[in-house]
């Protein structure tokens, strides 16, 4: 009887205990600290919905390769396998389908269109890959022009021209990525005439390679890896006309070295920001260069190896995100190259991908295209994600105090956020609160700013106690002189005494 | 008392290496106890340096300190040097015994302690722009120690400078060789262990 009572009491007690709640996120959320250790972080983005052919009331997407957010928040999907462009309106409903156009009186269609770009006027540029051409349509889907294979002496005659991605800048210049072209981007002027290649990576090989190449036989030399520039795989353009390009053809060793040496070098960078002359101007001032995952197993495990970046998208504020095709993750960086947050993963749940192919933003949301599943996943920012982004944007706009207030809120969600500590430290530094600034920079592992704060703090301390310092030094100087004299006199005294005794 | 006196002598030695090392051996100014104390002091210095160097110049993960690794990182190279030194100099008519070598090498480490301890304090009051001074003294302590090791070897074995130089290079190569052989030995041992273990497992499963 008694046992039963105790048992009931225990059961009731257990039931009354609050159950631990687990956030149901379909992927790991983390960020990297100063030493490159992944540290758990709150989710910045959560999946909210999936859009596929069926939900739009048409047939399923087949191997779609690209998506782009146009004006009026319309989403353009290059449904590559079905040779059509699907336009989705802001209510996530089907707007229209472009599966052909009137070409001088005859009906023309796309063949394997892998990339597209929509200008601010709503004009659509389609990289009609297997037709080896760019199709330029107006906002209603009527043909404006067809831009065929670029003509120039420096383009080899045997080149199979397969454009896969493109952007158009405000002046109408077209930048094209084509398969098998490693001289950089193909630049066309607004008439569609070939201007030149732009933004090829500089090729450098080290002394060891050079030495082996010197002593190798011709056959060996042929089998050696060719030192060719890296091929780009995707491109985006920001409001100021800078081009963001990604590549996934870098060697694991090079990425590894860039991470270990915290390299700012653009040669082994999978993300590059090109100015109009094709020079890389991406800022890499984070603790690690923007390469996706910083910590990974080298080889032989599932999910081993470096991130394979396949797409990039820039927001108006200059914050950019890249898509890791291998691990299905999206990494977001600020303009300085600090990793703000990351999310996503490979899998079968909502918010996971099998073969992510393209990435873009609509307002605050992310849309990710999964080529294998033929669907678009929409991600909504969490409160945490919003706070981080707002803090960064406020700081960029020079509103430092408001930014610091946001960072303070970020810290309530994530006490491991080094960026938040640095943000607050900067605010205190501006308010001349050097002691506090030092504390926050230390928490954020920001040594250069800590040094600045410390320098000012040291000045302050010395200034406040200048009198005492001078007095101490004087006392020490005079004291040591007196001591010396006393000693000398003593010695002389002893000597004199010795003489007397002798 | 003897140890204290010997420690005081080390201060004389680092400024007068030729006389100092000579007397260390022939006048019995040094002893093994003091030598071990100096090595211990070097270990302590390195641990303090790892943990207490100012934030600006210190990129170590302060929360993760492995004392064993810290101790081994001093003791292993030290004895590796001594053993390689002894192995080579016995073949090359060196006059120093193993004990002499250990004592000499230990006394040569004194600048490391002497410079690094004030340097730890100094590192806490400088900014990034003044870090060059820190680096300078850091390199100075190392250079001084290496010079003393070199001169100590020369004096204790009564070598000419050229011979010492050649021997020193050989010693460094010898150290590498010892590491190589040690690794080989351990890997062989591991293979043998796994071989025996597999046989044992095979038999145990069959029976």
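Residue numbers (our numbering), protein chains in the order written: chain A, 594 to 1095; chain B, 375 to 581.
The C-beta atom is built at its ideal place from N, Cα and C for all residues, glycine as well.
This structure is a prediction, so every number in the text was calculated from the model and none was measured.
Secondary structure at residue i, three-state DSSP: helix, strand or coil?
i, result
"residue 1001(A)", "helix"
"residue 973(A)", "strand"
"residue 922(A)", "strand"
"residue 551(A)", "This structure leaves residue 551(A) out entirely; chain A is present only between 594 and 1095."
"residue 780(A)", "strand"
"residue 848(A)", "helix"
"residue 700(A)", "strand"
"residue 666(A)", "helix"
"residue 1114(A)", "Since the displayed chain A opens at 594 and closes at 1095, residue 1114(A) lies outside it and no answer follows."
"residue 897(A)", "coil"
"residue 811(A)", "helix"
"residue 384(B)", "helix"
"residue 393(B)", "helix"
"residue 903(A)", "strand"
"residue 761(A)", "strand"
"residue 623(A)", "strand"
"residue 996(A)", "helix"
"residue 827(A)", "strand"
"residue 884(A)", "coil"
"residue 554(B)", "helix"
Applying the 10 Å Cβ sphere with the 16-neighbour rule, what's the burial state of residue i?
i, result
"residue 768(A)", "buried"
"residue 729(A)", "buried"
"residue 1083(A)", "exposed"
"residue 832(A)", "exposed"
"residue 614(A)", "Confidence at residue 614(A) is low in this model, with a pLDDT of 49, below 50, so its placement is unreliable and no value can be given for it."
"residue 566(B)", "exposed"
"residue 697(A)", "exposed"
"residue 633(A)", "exposed"
"residue 1069(A)", "exposed"
"residue 1000(A)", "buried"
"residue 1063(A)", "exposed"
"residue 677(A)", "buried"
"residue 877(A)", "buried"
"residue 926(A)", "buried"
"residue 865(A)", "buried"
"residue 644(A)", "buried"
"residue 778(A)", "buried"
"residue 757(A)", "buried"
Got a sec? Which residues, its chain only, sit under 8 Å from residue i by beta carbon, not counting five neighbours each side?
i, result
"residue 651(A)", "679, 687, 690"
"residue 1009(A)", "624, 626, 632, 633, 634"
"residue 897(A)", "889, 890, 891"
"residue 815(A)", "none"
"residue 912(A)", "925, 926, 927, 928, 933, 982, 985, 986"
Which one or two residues does DSSP pair with residue i in a beta bridge?
i, result
"residue 729(A)", "718(A), 738(A)"
"residue 708(A)", "720(A)"
"residue 638(A)", "974(A)"
"residue 958(A)", "955(A)"
"residue 756(A)", "771(A)"
"residue 867(A)", "836(A), 873(A)"
"residue 968(A)", "645(A), 963(A)"
"residue 938(A)", "945(A)"
"residue 678(A)", "671(A), 691(A)"
"residue 913(A)", "907(A), 926(A)"
"residue 632(A)", "624(A)"
For residue i, which residues of its own chain have a beta-carbon under 6 Å away from its beta-carbon, when the five flanking residues on both sides are left out?
i, result
"residue 957(A)", "974"
"residue 919(A)", "901"
"residue 760(A)", "710, 768, 828, 830"
"residue 980(A)", "999, 1002, 1003"
"residue 935(A)", "922, 924"
"residue 664(A)", "713, 715"
"residue 790(A)", "776, 777"
"residue 738(A)", "729"
Among the residues of its own chain, which have a CB less than 7 Å from the CB of residue i, if the five just before and after it don't count?
i, result
"residue 795(A)", "860"
"residue 519(B)", "482, 483, 485, 486"
"residue 343(B)", "Since the first residue of chain B shown is 375 and the last is 581, residue 343(B) is not available in this structure."
Between the region 1047 to 1062 of chain A and chain B, which residues of the former have a C-beta closer than 9 Å to a C-beta of the latter?
Under the 9 Å Cβ criterion, the region 1047 to 1062 of chain A contributes 1047, 1048, 1051.
When you check each C-beta in the region 485 to 518 of chain B against every C-beta of chain A, which residues fall closer than 8 Å?
499, 501, 502, 503
Of all the residues that make up the region 1022 to 1045 of chain A, which are near chain B by a beta-carbon distance shorter than 9 Å?
1031, 1034, 1035, 1038, 1040, 1041, 1043, 1044, 1045
Taking Cβ-Cβ distances below 9 Å as the criterion, which residues of the region 541 to 567 of chain B are in contact with chain A?
none
Pull out every residue of the region 615 to 638 of chain A whose Cβ sits closer than 9 Å to any Cβ of chain B, in chain order.
627, 628, 630
Proximal residues, the region 425 to 448 of chain B versus chain A, C-beta separation under 7 Å:
429, 430, 435
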